[in-house]
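**Q** Using the working numbering, read the sequence shown as starting at 561 and increasing by one per residue.
Every residue, glycine too, gets a C-beta built ideally from N, C-alpha and C.
Quick caveat, the model's predicted, so the values are computed rather than measured.
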Amino acid sequence: MWSEPSPAECFVERRRRLATRLHGPCVLGSGIARVRNFEGNRFAFRAESHFLYFVGRHIEEALLVFDAGTVTLFVEPPDPDDALWHGPEPSLEELAEQLQLDVRPIDEFSVPQGAATLPPGDVESSLWLEEVLGRAVEAGNVAANELDVELARVMVEVRLRHDSAALNQMSQAAAVTARAHRSGMVATRPGRREAQVRAAIEAEMTACGMIPAYNSIVTVHGEVLHHGSSTHLMNAGDLLLVDAGAESAEGWASDVTRTWPVSGKYSGVQAEVYDAVLASQLAAIAMCRPGVRFRDVHRRAAEVLVSGLCEIGLLRGSPSSLLERGAGSVFFPHGIGHLLGLDVHDMEDLGDLAGYAPGRQRSDEPAERYLRLDRDLEPGMVVTIEPGFYRIGHLLGGPPFAAIADAVDGDKLAALSHVRGIRIEDDVLITEDGHHVLSADVPKQRADVEAAIAG
Ligand SMILES: [Mn+2]
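#1: To the nearest angstrom, report how far apart Arg695 and Val683 are at their CA atoms.
#2: Is the separation between the beta-carbon of Ala861 and that of Ile896 shorter than 9 Å?
#3: Are the beta-carbon atoms belonging to Leu545 and Leu623 less than 9 Å from one another?
#4: Terminal residues of the continuous alpha helix (DSSP H) containing Gly897?
#5: Say whether the segment 969-986 touches the segment 924-938, bearing in mind that this needs 3 or more beta-carbon pairs closer than 8 Å, one atom from each stretch.
#6: Are Pro850 and Pro939 close, meaning C-beta to C-beta below 9 Å?
#7: Which runs of the beta strand (DSSP E), 3 residues or longer, sit entirely within the segment 587-664?
#8: Ligand 1 and Asp815: does the residue's C-beta get closer than 8 Å to at least one heavy atom of that ligand?
#9: Got a sec: does ligand 1 put a non-hydrogen atom nearer than 8 Å to the Cβ of Val1002?
#10: Look at the alpha carbon of Ser609 and the alpha carbon of Gly616, and state the distance between them as a whole number of angstroms.
#11: Gly824 by DSSP, collapsed to three states: which one?
#12: Can you give me the Cβ contacts of Gly629 inside the same chain, cut-off strictly under 7 Å, excluding the 5 residues immediately before and after it?
#13: In terms of residue numbering, what span does the alpha helix (DSSP H) encompassing His858 cover?
#14: Please look up how many angstroms separate the CB atoms of Ile964 and Val890, rounded, as I've assumed it's under 8 Å.
#15: Is the distance from the Cβ of Gly591 to the Cβ of Glu620 below 9 Å?
#16: Curious, which full-length alpha helix (DSSP H) runs of at least 4 residues does the segment 891-965 contain?
#17: What is the rounded straight-line gap between the Cα of Ser743 and the Cα of Glu710?
#18: If you reduce the DSSP assignment to three classes, tell me which class His741 lands in.
#19: Would you identify the three-state DSSP class for Ile984, choosing helix, strand or coil?
#20: Is it buried or exposed for Ala813, if we count other Cβ within 10 angstroms and need 16 for buried?
#21: Go through its chain and collect everything with a Cβ distance to Ala747's Cβ below 7 Å, but skip five positions before and after it.
#22: Verify the contact flag: Asp627, CB atom, against every heavy atom of ligand 1, threshold strictly below 8 Å.
#23: Identify whether Glu1010 lies in helix, strand or coil by the three-state DSSP scheme.
#24: With DSSP run on the structure shown, which of helix, strand or coil describes Pro879?
#25: Exposed or buried, which one is Phe598 when buried takes at least 16 other CB atoms within 10 Å?
#26: Roughly how many angstroms separate the alpha carbons of Tyr774 and Leu902, rounded to a whole number?
#27: Since I believe Gly681 is in contact with Asp909 (beta carbons under 8 Å), could you give me their beta-carbon distance rounded to a whole number of angstroms?
#28: Got a sec: does ligand 1 put a non-hydrogen atom nearer than 8 Å to the Cβ of Asp944?
#29: Mapping the DSSP letters down to three states, classify Val757 as helix, strand or coil.
#30: Using the C-alpha atoms, what's the distance from Ala675 back to Ala836?
#31: So the candidates are Gly589, Pro821, Ser790 and Phe614; which of them puts its Cα closest to the Cα of Leu678?
#32: Check whether the segment 809-827 touches the segment 979-999, taking contact to mean three or more Cβ pairs, one atom from each stretch, closer than 8 Å.
#33: How would you write the range of the alpha helix (DSSP H) that Gly970 sits in, first residue to last?
#34: Just list the residues that DSSP pairs Glu698 with in beta bridges.
#35: Could you name each continuous alpha helix (DSSP H) segment of 4 residues or more that falls completely within the segment 773-850, going from the start of the chain to the end?
So this is what it looks like as structure tokens:
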């Protein structure tokens, strides 16, 4: 399996779609590679997603300019000295032919009057773009300039529903992620370190010409939602939470979480809670179709999870009153999912402009403040569905827990000491009449996960 490129025509069509919606000129910068310690040693370059969407190549310090119906790519011409170190680069004519685009040397660029832009997420690229445009560009803050906010709205319209080339890329990424998770399952055994599983997962991505779409989470401490390091020894009683997704060479992401037993077999209590989370995830996925409000998917997932926790005896009382008292956010303190595309949290560089439909705002209630998406679902959107159950120390000692403490069975909670965090996450495409799970090849039912670990 290898990361295959999209046809040039899809980028021509995307540029056309943006051009017809623009109210004025705009300049999209690809960004600049970050220096590690000296000029010659840099972090791997990844182009800004708003640029990549229309070009499909990670070309450094390039500008894509839309102005009065024309689209031009300005790039640094190949430098013969550079070829010594990095090999020959295509000429501007060759690049123009490959991209089906007018390509000019960057020296010929001048800023169109009143051009909008989108600020890169990192400071270095923002400073570079600021210098190119001769005006302030604040890293990661599109709200700083009203002209840019307008462009951001148009960009959301263009990128929210994915075309077939994008879906092909995301399917490729999901397929590689399935192989990666399976390799991780096979590599899991007591006495090894988390890092060995992470290496097996990322080796598969590398072998397929892909990279991790975000820092892989491979941890026996799943209760730390975004655990960054993978240094722990894995013990037989632990659950291993793996949140890892491949990114295609063109930048399209996948984002998948599984939680599996280090011993190869879920214990009785682990199985109970796992199945409660799985029931919640399946109920949420079943709701995904055009016209459904994503906040309702989130609420349904919390409802099914809390019902499941009642069934296994962790909670007592009626699920609806437990939810009203905040039981959902004590054990499931994040949102059910987010947009997925070129970015793992697609277009979150634009704040909530992509995730929240016009007129909707993020709630500050504990149960919904981390909900990153509240739109009515539309065909072509890809969202993640990722409920979880966590025993988080400070939440179990704090006021939200106090509000439901009388409904919690203390012995059962203690019995769950080897259930620190369970999350199950899939990538779900909204289709005309329902949904399609892009990551369906990653084992998920307990028996399938156990079989995959056994290899
Ligand atoms: Mn996710």
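**A** Checking against the coordinates, here is how it stands:
#1: The residue labelled residue 695 in the question sits at position 135 within the sequence shown. The residue labelled residue 683 in the question sits at position 123 within the sequence shown. Taking the straight line from one Cα to the other gives about 15 Å.
#2: Start at 1 with the first residue of the sequence shown, and residue 861 comes out as number 301. Start at 1 with the first residue of the sequence shown, and residue 896 comes out as number 336. Closer than 9 Å, so yes.
#3: In the structure as shown, the chain begins at 561 and stops at 1015. Residue 545 is therefore absent and cannot be evaluated.
#4: Looking up residue 897 in the sequence shown gives position 337. Counting along the chain, Gly897 falls outside any alpha helix (DSSP H), and DSSP gives it neither H nor E.
#5: Output reads no: the segment 924-938 does not touch the segment 969-986.
#6: As a working mapping, residue 850 is identified with position 290 in the sequence shown. As a working mapping, residue 939 is identified with position 379 in the sequence shown. The answer is yes: Cβ separation under 9 Å.
#7: 595-598, 623-627 and 630-635
#8: Here the question's residue 815 lines up with position 255 in the sequence shown. Asp815: yes, Cβ under 8 Å from ligand 1.
#9: Stepping through the sequence shown from its first residue, residue 1002 is reached at position 442. No, the beta carbon of Val1002 sits no closer than 8 Å to any heavy atom of ligand 1.
#10: Here the question's residue 609 lines up with position 49 in the sequence shown. Here the question's residue 616 lines up with position 56 in the sequence shown. If I take the Cα positions, the gap works out to 9 Å.
#11: Position 264 of the sequence shown holds residue 824. Three-state result, Gly824: coil.
#12: Mapped onto the sequence shown, residue 629 falls at position 69. Here the set comprises Ala579.
#13: Here the question's residue 858 lines up with position 298 in the sequence shown. Run containing His858: Phe854 to Glu871, per the alpha helix (DSSP H) assignment.
#14: As a first step, residue 964 is located in the sequence shown; it is residue number 404 there, counting from the start. As a first step, residue 890 is located in the sequence shown; it is residue number 330 there, counting from the start. Right, their Cβ atoms sit about 6 Å apart.
#15: Along the sequence shown, read from residue 1 onward, the residue named residue 591 stands at position 31. Along the sequence shown, read from residue 1 onward, the residue named residue 620 stands at position 60. Yes, the Cβ-Cβ distance between Gly591 and Glu620 is below 9 Å.
#16: 953-957 and 959-962
#17: Within the sequence shown, numbered from 1, the residue matching residue 743 stands at position 183. Within the sequence shown, numbered from 1, the residue matching residue 710 stands at position 150. Straight-line Cα distance between these residues: approximately 45 Å.
#18: One-based indexing of the sequence shown puts residue 741 at position 181. Note: His741 maps to helix in three-state DSSP.
#19: As a working mapping, residue 984 is identified with position 424 in the sequence shown. In the structure shown, Ile984 falls within a coil segment according to DSSP collapsed to helix, strand and coil.
#20: Position 253 of the sequence shown, counted from the start, is the residue given in the question as residue 813. Ala813 comes out buried.
#21: One-based indexing of the sequence shown puts residue 747 at position 187. The residues are Gln756, Val757 and Ala760.
#22: Mapped onto the sequence shown, residue 627 falls at position 67. The answer is no for Asp627.
#23: The residue given as residue 1010 occupies position 450 in the sequence shown. Three-state result, Glu1010: helix.
#24: Locating residue 879 in the sequence shown gives position 319, counting from the first residue. In the structure shown, Pro879 sits in a helix (DSSP, three-state: H, G or I).
#25: As a working mapping, residue 598 is identified with position 38 in the sequence shown. Phe598 counts as exposed, since fewer than 16 other C-beta atoms from the protein chains shown sit within 10 angstroms of its C-beta.
#26: Taking the sequence shown and counting its residues from 1, the one referred to as residue 774 is at position 214. Taking the sequence shown and counting its residues from 1, the one referred to as residue 902 is at position 342. When rounded, the distance between both Cα atoms is 12 Å.
#27: As a first step, residue 909 must be located in the sequence shown, where it is residue number 349. As a first step, residue 681 must be located in the sequence shown, where it is residue number 121. That belief holds up - the Cβ atoms of Asp909 and Gly681 are roughly 5 Å apart, short of 8 Å.
#28: Mapped onto the sequence shown, residue 944 falls at position 384. Checking the sequence, you will find Thr at residue 944 rather than Asp. Yes; taking the cut-off as 8 Å, the Cβ of Thr944 has a heavy atom of ligand 1 nearer than that.
#29: Position 197 of the sequence shown, counted from the first residue, corresponds to residue 757. DSSP places Val757 in helix when its eight states are reduced to three.
#30: Here residue 836 refers to the residue found at position 276 of the sequence shown. Here residue 675 refers to the residue found at position 115 of the sequence shown. Roughly 52 Å between the two C-alpha positions.
#31: Working through the sequence shown from its first residue, we reach residue 678 at position 118. Among Gly589, Pro821, Ser790 and Phe614, the Cα nearest to that of Leu678 is on Gly589.
#32: yes
#33: Residue 970 sits at position 410 when you count from the first residue of the sequence shown. It spans Gly970 to Ala975 - the alpha helix (DSSP H) in which Gly970 sits, taken as one unbroken run.
#34: Counting from 1 along the sequence shown, the entry for residue 698 is found at position 138. According to DSSP, which records beta bridges pairwise, Glu698 is partnered with nothing at all.
#35: 828-847
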